[in-house]
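Asks:
Numbering (full-length UniProt numbering), first residue to last: 1 to 350.
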């Protein structure tokens, strides 16, 4: 790992008096003094200008199945090249990627010299070339919040799109409307974490707010991006019947066709006391979501073939059988039920 970085001046910024700059990438709207950084730790004011200091530096890069994002209605069975950097604008006490997302303590000079490694050199052209070499047509911006490195994601996504690929954000949904509009021309799908449904949970457990996430979901759906939602159920924190029902009703109000992934948590980071989510908890939440009228509800991070498979909402026919991350398509025409001819919402073909 090299100890230099390409300093990319931020596109989403507003100058403020006395050398401050306001970052416009996420809903914290950090006002950053000269020499300081936003809450994410990677968007920094150097000489009165805002820079992304992790540009081209991948802290994680893996070839995954698209089902792992999780996306179940977006090119099932395909591989997806997944990339992330250090830093995050949230502080989730249960974070499962905390070694990179919560890494903020490093120094960078105005010339781009680092005091410690923060990732490997993966500039946009190299990432896209790697995807092509692997025969992969999907790229995911994930592991940490892509809003905090949105210029890096944007430049990569633009190149990927020009090469016939598709781009996916795996996100907390804490972006600003400006950020979504900035990335939208190159974005095809997003999996948004709906981490809970109370401001208290977001404030005390995640260091964020709920309202901007709800606004992001509304904005993304209106813009035509394919959206799926994930909720990691933490027993005793966000899994009550009332909260699950409230989330389900909100999602149903946006669209009954939004796929909702209810996934199991395990002890991690600052929540080592957390009890691993029981299968029964997921089954209960799944039943509530279905009662509220959501057509595509999935259980994840556990083995449950029945509740991780896709069925026709009209005739009940099994359409996509999933065992873990393996998927078997049981239709002749992608997206069309062979039993009743119903078209299933999703992005199934190129």
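Think of the CB as a built atom: it goes at the ideal place given N, C-alpha and C, for glycine as much as any other residue.
Please read all numbers here as calculations on a predicted model, not as lab measurements.
Can the beta-carbon of residue 233 be found closer than 8 Å to that of residue 198?
Replies: No, the pair does not count as a contact, with Cβ atoms beyond the cut-off.
Asks: Between residue 144 and residue 58, what straight-line distance do the alpha-carbon atoms span, to the nearest angstrom?
Replies: About 11 Å.
Asks: Just checking my contact of residue 91 with residue 207 at CB under 8 Å: how many whole Å lie between their CB atoms?
Replies: Confirmed, Cβ separation roughly 4 Å.
Asks: Residues bridged to residue 89 by DSSP?
Replies: Its beta-bridge partners do not exist; DSSP assigns none.
Asks: Any idea which residues DSSP pairs residue 309 with across the strands?
Replies: According to DSSP, residue 309 bridges with nothing at all.
Asks: Where does residue 113 land, buried or exposed, given buried means 16+ other C-beta within 10 angstroms?
Replies: Per the 10 Å Cβ criterion, exposed.
Asks: Taking all protein chains shown into account, do 16 or more other C-beta atoms lie within 10 angstroms of the C-beta of residue 333, making it buried, or fewer, making it exposed?
Replies: Classification of residue 333: exposed, given that the 10 Å Cβ count is below 16.
Asks: Going residue by residue through the stretch 209-234, where are the continuous alpha helix (DSSP H) segments of at least 4 residues, counting only ones entirely within it?
Replies: With a minimum length of 4 residues, the continuous alpha helix (DSSP H) runs that stay inside the stretch 209-234 are 211-223.
Asks: Going by other Cβ atoms of all chains shown within 10 Å of its Cβ, with 16 needed for buried, is residue 69 buried or exposed?
Replies: The residue is buried, with at least 16 neighbouring Cβ atoms inside 10 Å.
Asks: Could you check what DSSP says for residue 350 in three-state terms: helix, strand or coil?
Replies: The answer is coil: DSSP assigns residue 350 none of H, G, I, E or B.
Asks: Threshold first: 4 residues or longer. Then list the alpha helix (DSSP H) segments lying entirely within the stretch 135-223, N to C.
Replies: DSSP runs (the alpha helix (DSSP H)) wholly in the stretch 135-223: 150-162, 177-183 and 211-223.
Asks: Give a yes or no on whether the C-beta atoms belonging to residue 345 and residue 294 are separated by under 8 Å.
Replies: Not in contact: residue 345 and residue 294 (Cβ atoms no closer than 8 Å).
Asks: Rounding to the nearest angstrom, what Cα-Cα distance links residue 301 and residue 51 in this structure?
Replies: Whole-angstrom Cα-Cα distance: 37 Å.
Asks: Please go through the same chain and pick out, in chain order, the residues whose beta-carbon is closer than 6 Å to the beta-carbon of residue 159, but skip the five residues on each side of it.
Replies: Taken in chain order, the residues that qualify are 124 and 128.
Asks: Have a look at residue 287 and residue 2 and give me their C-alpha separation to the nearest angstrom.
Replies: Answer to the nearest angstrom: the Cα atoms are 50 Å apart.
Asks: How far does the alpha helix (DSSP H) with residue 279 in it reach, from first residue to last?
Replies: Residues 279-291.
Asks: I'd like to know whether the C-beta atoms of residue 161 and residue 137 end up nearer to each other than 8 Å.
Replies: No; because the gap between Cβ atoms is not below 8 Å, this pair is not in contact.
Asks: Round the Cβ separation of residue 121 and residue 56 to the nearest angstrom and send it over; I've been treating them as touching at under 8 Å.
Replies: The pair is a contact, with the Cβ atoms about 6 Å apart (cut-off 8 Å).
Asks: With H, G and I counted as helix, E and B as strand and the rest as coil, what does DSSP make of residue 82?
Replies: Strand.
Asks: My assumption, with CB atoms under 8 Å, is that residue 309 sits in contact with residue 299. Please give the rounded CB distance.
Replies: So it is not a contact: roughly 10 Å between Cβ atoms.
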